[in-house]
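Residue numbers (my numbering): 169 to 373.
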């Protein structure tokens with residue numbers, strides 16, 4: 169099962185990159201797509217600390233494809249009450265492929281809306297086999313980690329602020345609904361790359 173999960177993740181990432189490269193080839197003569205990356209942090213429900221990396225390709229004027237990777241970590245839930253130190257962590261590593269539309273505002277060149285969603289694959293690492301032990305007057309717990317395959321849906325719309333041709337910011341929700349531990353949060357990202365077509369005036373692809 170573990171080898172199957174790794175192979176599926178690898179094929180998912182390679183397929184995503186092929187889709188994005190295909191978009192690039194199809195529109196290269198029109199100097200499209202506009203490709204830019206994002207680095208972000210996310211405050212998520214369930215006390216998750218979440219970090220994300222995204223690669224975006226905008227093509228055919230207002231279509232967008234995003235390949236994303238999010239890592240979310242929190243203290244494991246439903247632990248025995250005796251845990252006072254070395255609390256085990258639960259970690260989600262999630263790859264996502266999203267498609268959507270870019271909505272421009274003609275009178276606001278430094279503001280645009282992104283509506284997109286897609287699928288996600290990844291892994292969830294959680295503590296297991298928790299056992300209490302006693303040493304003299306001290307008691308503590310031992311545990312191991314297990315890794316489960318995660319599949320889900322991702323929604324990651326955003327408001328983008330392309331303050332320059334090569335740099336900007338974005339703000340929006342990040343929602344990952346999966347069969348292990350869903351994540352809901354708000355992300356703030358820095359955008360780096362070719363994010364707008366002109367230095368001044370109406371931003372259009």
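C-beta atoms are modelled at their ideal positions from N, C-alpha and C, and glycine is treated no differently.
- Return helix, strand or coil for residue 333, following the three-state DSSP convention. coil
- Query: On the three-pair Cβ rule with 8 Å, is the segment 287-300 touching the segment 314-327?
  - Reply: yes
- Message: At the level of alpha carbons, what is the spacing between residue 261 and residue 221?
- Response: 12 Å
- beta strand (DSSP E) segment containing residue 312, residue limits: 306-323
- Task: Report, in whole angstroms, the separation of the C-beta atoms of residue 219 and residue 351, which I expect to be a contact under 8 Å.
- Result: About 12 Å separates the two Cβ atoms, so there is no contact after all.
- Among 299, 237, 202, 243, which residue has its Cα nearest to the Cα of residue 226? 202
- Message: Since residue 298 and residue 309 should fall inside the 8 Å C-beta cutoff, what is the C-beta to C-beta distance between them, to a whole number of angstroms?
- Response: 5 Å
- Top-ranked residue by Cα proximity to residue 272, from 264, 330, 281: 281
- Item | Opening and closing residue of the beta strand (DSSP E) in which residue 257 lies | 257-272
- Opening and closing residue of the beta strand (DSSP E) in which residue 295 lies: 280-303
- Per DSSP, residue 356 forms a beta bridge with which residues? 209, 339
- Message: Checking the sheet assignment: what are the DSSP bridge partners for residue 351?
- Response: 344
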